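Enquirer:
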Amino acid sequence: MFIRLCKPVFMAFAVIGIAMIAAPEAQAAWELDMPLGVSTLSGEIRDLHRLILLICTIICVGVFGFAFYTMATCRRSQGAKASQFSHSTRAEIIWTVIPTIILIAMAIPSARTIIKIEDTSGTDMSIKITGYQWKWSYDYLNEDKFFYSTIDQDSYLASQRGSGIDPMDVENYLRNVDNAMVVPVNKKVRLLLTASDVIHSWWVPQLYVKKDANPGFVNETWFKATETGIYRGQCTELCGRGHGFMPIVVVVETEERYQEWLNGNLRWDAKQQEMVATNLNTAEQAGTLAAL
Amino acid sequence: MSDQHHDDHHMPTGLNRWVFTTNHKDIGTLYLIFSLSMFFLGGAMALIIRAELFQPGLQFVDPQFFNSMTTVHALLMVFGAVMPAFVGLANWLIPMMIGAPDMALPRMNNWSFWILPFAFSMLIITLFLPGGAPAGGWTLYPPLVMQTGDAFPFMVFAIHLMGASSIMGSINVIVTILNMRAPGMTLMKMPLFCWTWLITAYLLIAVMPVLAGAVTMLLTDRFFGTSFFNAAGGGDPVLFQHVFWFFGHPEVYIMILPAFGVVSQIIPTFSRKPLFGYSSMVYATASIAFLSFIVWAHHMFTTGMPIAGQLFFMLATMLIAIPTAVKIFNWLATMWKGELTFETPMLFSIAFVLLFTIGGFSGLMLAIAPADYQYHDTYFVVAHFHYVLVPGAVFSLMAATYYWLPKWTGHMYNEKVGKLHFWFSLVGINVLFFPQHFLGLAGMPRRIPDYPTQFADFNMISSIGAFIFGFSQLLFVWAIWTSVKGTEKASSEVWDGAKGLEWTLPSPAPYHSFETAPEIK
Numbered sequence: 000m001f002i003r004l005c006k007p008v009f010m011a012f013a014v015i016g017i018a019m020i021a022a023p024e025a026q027a028a029w030e031l032d033m034p035l036g037v038s039t040l041s042g043e044i045r046d047l048h049r050l051i052l053l054i055c056t057i058i059c060v061g062v063f064g065f066a067f068y069t070m071a072t073c074r075r076s077q078g079a080k081a082s083q084f085s086h087s088t089r090a091e092i093i094w095t096v097i098p099t100i101i102l103i104a105m106a107i108p109s110a111r112t113i114i115k116i117e118d119t120s121g122t123d124m125s126i127k128i129t130g131y132q133w134k135w136s137y138d139y140l141n142e143d144k145f146f147y148s149t150i151d152q153d154s155y156l157a158s159q160r161g162s163g164i165d166p167m168d169v170e171n172y173l174r175n176v177d178n179a180m181v182v183p184v185n186k187k188v189r190l191l192l193t194a195s196d197v198i199h200s201w202w203v204p205q206l207y208v209k210k211d212a213n214p215g216f217v218n219e220t221w222f223k224a225t226e227t228g229i230y231r232g233q234c235t236e237l238c239g240r241g242h243g244f245m246p247i248v249v250v251v252e253t254e255e256r257y258q259e260w261l262n263g264n265l266r267w268d269a270k271q272q273e274m275v276a277t278n279l280n281t282a283e284q285a286g287t288l289a290a291l
Numbered sequence: 000m001s002d003q004h005h006d007d008h009h010m011p012t013g014l015n016r017w018v019f020t021t022n023h024k025d026i027g028t029l030y031l032i033f034s035l036s037m038f039f040l041g042g043a044m045a046l047i048i049r050a051e052l053f054q055p056g057l058q059f060v061d062p063q064f065f066n067s068m069t070t071v072h073a074l075l076m077v078f079g080a081v082m083p084a085f086v087g088l089a090n091w092l093i094p095m096m097i098g099a100p101d102m103a104l105p106r107m108n109n110w111s112f113w114i115l116p117f118a119f120s121m122l123i124i125t126l127f128l129p130g131g132a133p134a135g136g137w138t139l140y141p142p143l144v145m146q147t148g149d150a151f152p153f154m155v156f157a158i159h160l161m162g163a164s165s166i167m168g169s170i171n172v173i174v175t176i177l178n179m180r181a182p183g184m185t186l187m188k189m190p191l192f193c194w195t196w197l198i199t200a201y202l203l204i205a206v207m208p209v210l211a212g213a214v215t216m217l218l219t220d221r222f223f224g225t226s227f228f229n230a231a232g233g234g235d236p237v238l239f240q241h242v243f244w245f246f247g248h249p250e251v252y253i254m255i256l257p258a259f260g261v262v263s264q265i266i267p268t269f270s271r272k273p274l275f276g277y278s279s280m281v282y283a284t285a286s287i288a289f290l291s292f293i294v295w296a297h298h299m300f301t302t303g304m305p306i307a308g309q310l311f312f313m314l315a316t317m318l319i320a321i322p323t324a325v326k327i328f329n330w331l332a333t334m335w336k337g338e339l340t341f342e343t344p345m346l347f348s349i350a351f352v353l354l355f356t357i358g359g360f361s362g363l364m365l366a367i368a369p370a371d372y373q374y375h376d377t378y379f380v381v382a383h384f385h386y387v388l389v390p391g392a393v394f395s396l397m398a399a400t401y402y403w404l405p406k407w408t409g410h411m412y413n414e415k416v417g418k419l420h421f422w423f424s425l426v427g428i429n430v431l432f433f434p435q436h437f438l439g440l441a442g443m444p445r446r447i448p449d450y451p452t453q454f455a456d457f458n459m460i461s462s463i464g465a466f467i468f469g470f471s472q473l474l475f476v477w478a479i480w481t482s483v484k485g486t487e488k489a490s491s492e493v494w495d496g497a498k499g500l501e502w503t504l505p506s507p508a509p510y511h512s513f514e515t516a517p518e519i520k
């Protein structure tokens, strides 16, 4: 009976498994794990996650394996007869001590990493980020730079009920903004987070940074990006009706291009989703920028 | 059934029987039926959520209503479905298991049940109030929760009533267990279900007032000018999170410890073996209960906690893995070298042990603070707590229903329907929640009504699983019906390996369980 009933279950999982493998790359994103990071600590955090996941998976396979072996062999239909043992001090000590040792082994690297995450000393620059219902603002301390960052027009229109626009046709749907936060590569950036109304949370998965923005208080965190590129995230603390619609875009640029952006010669173009020259009137300027 | 007895109790008939009942079985039945109806209502809300998330883009509901659905779904499932179901089981089973005629405080028992329909009516009518139902999440974090419309005081008072009901239920359980055990039934001879409920009852008494205090502070902040959680008045919104999770973490064990008790009754029966490591099970339960009080801030690693706090709460949380592992190993050792058969209660119990293991491991991963910075408030968390609550607590409730139903109704349920219910639930639940791990790791935040397109595929699979699981619960109702209206009489023992006092009573159990206390050797 049991074995017979197992079949459809395994079939169902097999079908799903095959569907996942066979799905065309272009339209499907079957991400199974954390994205590879681009910050100094991202590798360490991701490795820690994978280590713990690996240990858990191995133990889980052992537990499942033992359970299924027991179910296959110790069943009445196989003619099994019940023995009547009810305890074994030795076994119980073993399966208390071994998990304890594994936990200690997990705790040591975890503690080491958390200490590194909390080390906000020696930062090169600071950005004050404020969460609002439902947008972010970025204030570059010691620079003349302050701007709001809201969801881009294409995502906004497509996200309206009955808009008739297929979100699949919108590039980076719900993950694009009108004004992106720009930082230089290989600089330790300190983030000061706060909020003006309710609690928000600032998260960019590939930078491996998430911190709550609490109204009336300032939280501190940092990252140091090691690769230029465009990295996207979303608000991760329920903040009301527009919680799903306040994206984050961080553009990591070379120091020179970052300076150009600060000076107003470069800007984030939400349509093209890249950094473009502000003034393309003179070919000379365009040439200068291309040289950068 | 009562006419078989010398009738010195004057039982009202019809509706009044249920309104005025002080009988533990009647009240247990009321609790269980109430809980099942809340399970379906909360489940319908979950299906609205999953229908909206079937595809990217907003198809069916407004984001504000979506937030109301996530909030009310959680409140109904936690306070309306899982907790009352366990109180219903406690009512039905504890007197029968310890050899008592009834619960110790029968009138309070009636009251504690009849508060619930009022509490939940108050919560549910908020859906029709200006401003809609609460939409700040079941965690009620201020300042967001302050933006609730007219529903706000209804929500606060509904929670007060639910808490009062739970506290009364717990007092009854404690008094019954400590005072009404049959002669010879020492504490360490009690069935494990009684032990887990005794410990749960203490947890409830300890933390429900904390929740009541937290929501009362919200109420005074809103209406009476206090500033407990308002930074502009010198308060701190994070304070609420501390108080809430000081309630909230013991609360999750309130929902799982009685489930541990249930499977500790069922697995020995169908293994035809005594429970392995009874006393270590008791100590493990007590350790989990103790640890639940010192781990609350692991829900708050990203709020900006001092590093010492993060380290403490990370390490304390990891410790919980030890007693939990002991329990899993004990259940497996109970099955080992047994004589297993796989009736529906056993199938649900085995699924409980294995799938709870998955939920336990994802919990351990969440305890690791540096990694939690990535997992926090993503679908990984949603997958984690649904794995411990649905194939955990809910599966144990289904196992318990199938296991004791013949004792309650006097008739066997239809085993084919029960098995069908199990297999559909098992497949449905894994298709529903397993892909959510991947969504969370890939970066999908929780509580969003719409999502970036790279999450579309797993969301679609998850929604398909939700509809399989949701509609297969109709089989549960059918299976219960086959027992209620059944023809096949159940014997006293019902199951051939069943041990315990409740199986010495005829099926259905007499109105007053044990009129003379049985002797326990």
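In order, the protein sequence lines correspond to chains A and B.
Under numbering that gives the first Met the number 0, the first residue of the first sequence is numbered 0, with each subsequent residue one higher.
Under numbering that gives the first Met the number 0, the first residue of the second sequence is numbered 0, with each subsequent residue one higher.
The beta carbon of each residue, even a glycine, is placed where N, CA and C say it ideally should be.
Being a predicted model, the structure only gives us computed values, none of them experimental.
1. Near B:Ala350, what residues of its chain come up, given a Cβ to Cβ distance below 7 Å and the 5 sequence neighbours on each side ignored?
2. Kindly list the residues whose CB is nearer than 7 Å to the CB of B:Glu250, restricted to its own chain and excluding five residues on each side of it in sequence; keep chain order.
3. Any beta carbon of chain B sitting closer than 8 Å to that of A:Tyr230?
4. At which residues does the beta strand (DSSP E) containing A:Ser200 begin and terminate?
5. Beta-carbon separation of A:Met33 and A:Pro204 under 8 Å?
6. Let's see if you can read the secondary structure: which residues bound the beta strand (DSSP E) around A:Val251?
7. Tell me whether the beta-carbon of B:Val71 lies closer than 8 Å to the beta-carbon of B:Ala132.
8. Note the first and the last residue of the continuous beta strand (DSSP E) segment covering A:Ala194.
9. Buried or exposed for B:Lys520, please, with buried defined as at least 16 other CB atoms from any protein chain shown within 10 angstroms of its CB.
10. Pull up the distance between the alpha-carbon of B:Asn66 and that of A:Ser76, whole angstroms please.
11. Could you name the residues of the same chain whose beta carbon sits closer than 8 Å to that of B:Pro517, not counting the 5 residues immediately before and after it, in chain order?
12. Would B:Gly464 and B:Ala382 be called neighbours here (beta carbons separated by less than 8 Å)?
13. Could you please tell me which residues of the segment 45-57 of chain B, in chain order, have their CB closer than 7 Å to any CB of chain A?
14. For the segment 308-326 of chain B and the segment 285-296 of chain B, state whether three or more C-beta atom pairs, one from each stretch, are separated by less than 8 Å.
15. What residues are listed by DSSP as bridge partners for B:Ser270?
16. Would you mind giving the Cβ-Cβ distance between B:Phe275 and B:Ala332, rounded to the nearest angstrom? I have them listed as a contact below 8 Å.
17. Using a Cβ cut-off of 8 Å (strictly closer), state whether A:Met33 contacts chain B.
18. By DSSP, does B:Pro208 sit in helix, in strand, or in coil?
19. Taking 8 Å as the threshold (C-beta atoms), are A:Asn185 and A:Lys223 in contact?
20. Give me the Cα-Cα distance between B:Glu338 and B:Pro305, rounded to the nearest whole angstrom.
21. Would B:Leu217 and B:Val155 qualify as a contact pair, given that the criterion is a beta-carbon distance under 8 Å?
22. Is the Cβ of B:Trp494 closer than 8 Å to any Cβ of chain A?
23. According to a CB-to-CB cut-off of less than 9 Å, which residues of the segment 374-402 of chain B neighbour chain A?
24. Between which two residues does the alpha helix (DSSP H) harbouring A:Glu91 extend?
25. For B:Thr521, collect the residues of the same chain with a Cβ closer than 8 Å to its Cβ; drop the 5 residues on either side in sequence, then sort them by chain order.
26. Could you pull the DSSP bridge partners for A:Ser295 from this structure?
27. Whose C-beta lies closer than 8 Å to the C-beta of B:Thr21 among residues of the same chain, with five residues either side of it excluded?
28. For a cutoff of 8 Å on Cβ pairs, would you count B:Lys272 as touching chain A?
29. Within the continuous alpha helix (DSSP H) that includes B:Lys484, where are the two ends?
30. Are the CB atoms of A:Tyr207 and A:Ser85 within a distance shorter than 8 Å?
31. Under a CB-based cut-off of 8 Å, is A:Glu226 close to chain B?
32. Interface residues of chain B around A:Leu206 at Cβ under 9 Å?
33. Taking the alpha-carbon positions, what's the B:Phe513 to B:Met95 distance?
34. Are any of the Cβ atoms in chain B nearer than 8 Å to that of A:Tyr172?
35. Within 10 Å of its beta-carbon, does B:Thr301 have 16 or more other beta-carbons around it, so buried, or fewer, so exposed?
36. Among the candidates B:Gly130, B:Ile166 and B:Leu143, whose CA atom is the shortest distance from the CA of B:Leu149?
Expert: On the basis of the coordinates in this document:
1. The residues are Pro390, Phe394 and Leu425.
2. Excluding five sequence positions before and after B:Glu250, the CB atoms of its chain that fall closer than 7 Å to its own CB belong to Val206, given in chain order.
3. It does not; no Cβ of chain B falls within 8 Å.
4. It spans His199 to Val203 - the beta strand (DSSP E) in which A:Ser200 sits, taken as one unbroken run.
5. It is a contact, given that the beta carbons lie within the stated cut-off.
6. For A:Val251, the enclosing beta strand (DSSP E) has its first and last residue at Pro246 to Glu252.
7. The answer is yes: Cβ separation under 8 Å.
8. If you look at A:Ala194, you'll find it in the beta strand (DSSP E) that goes Lys187 to Ala194.
9. With fewer than 16 Cβ atoms within 10 Å of its Cβ, B:Lys520 is classed as exposed.
10. The C-alpha of A:Ser76 is placed about 50 Å away from the C-alpha of B:Asn66.
11. Closer than 8 Å at Cβ, skipping near neighbours: Gly98, Ala181, Leu500 and Thr503.
12. At the C-beta level, B:Gly464 and B:Ala382 stay beyond 8 Å of one another.
13. Taking 7 Å as the cut-off between beta carbons, the residues of the segment 45-57 of chain B near chain A are Pro55, Gly56 and Leu57, in sequence order.
14. With the rule of 3 Cβ pairs closer than 8 Å, the segment 308-326 of chain B counts as touching the segment 285-296 of chain B.
15. B:Ser270 pairs with nothing; no bridge assigned.
16. About 4 Å; that satisfies the 8 Å criterion.
17. Yes, contact with chain B.
18. Helix at B:Pro208.
19. The Cβ-Cβ distance between A:Lys223 and A:Asn185 falls below 8 Å.
20. A direct Cα-Cα distance of roughly 53 Å separates B:Glu338 from B:Pro305.
21. Yes, the pair counts as a contact, with Cβ atoms nearer than the cut-off.
22. No, because no Cβ of chain A sits closer than 8 Å to the Cβ of B:Trp494.
23. Taking 9 Å as the Cβ-Cβ cut-off against chain A, the residues of the segment 374-402 of chain B that qualify are Tyr374, His375, Asp376 and Thr377.
24. For A:Glu91, the uninterrupted alpha helix (DSSP H) segment begins and ends at Thr88 to Ile116.
25. In this structure chain B extends from 0 to 520, so residue 521 of chain B is not present and cannot be described.
26. Not covered by the structure: residue 295 of chain A. The range shown for chain A is 0 to 291.
27. So the list reads Asp101, Pro105, Arg106, Asn108 and Asn109, once near-sequence residues are dropped.
28. Interface flag for B:Lys272 against chain A is set, since a Cβ pair is found closer than 8 Å.
29. Careful: B:Lys484 lies outside any alpha helix (DSSP H) and carries neither H nor E.
30. Not in contact: A:Ser85 and A:Tyr207 (Cβ atoms no closer than 8 Å).
31. Not an interface residue.
32. What A:Leu206 touches in chain B, judged by beta-carbon distance under 9 Å, is nothing: the nearest beta carbon there is about 11 Å away.
33. Distance between the alpha carbons of B:Phe513 and B:Met95 is about 7 Å.
34. Yes, A:Tyr172 counts as interfacial toward chain B.
35. It is buried - the Cβ of B:Thr301 has at least 16 other Cβ atoms within 10 Å.
36. One point to set straight first is that residue 149 of chain B is Asp, not Leu, in the sequence displayed. Ranking B:Gly130, B:Ile166 and B:Leu143 by Cα distance to B:Asp149 puts B:Gly130 first.
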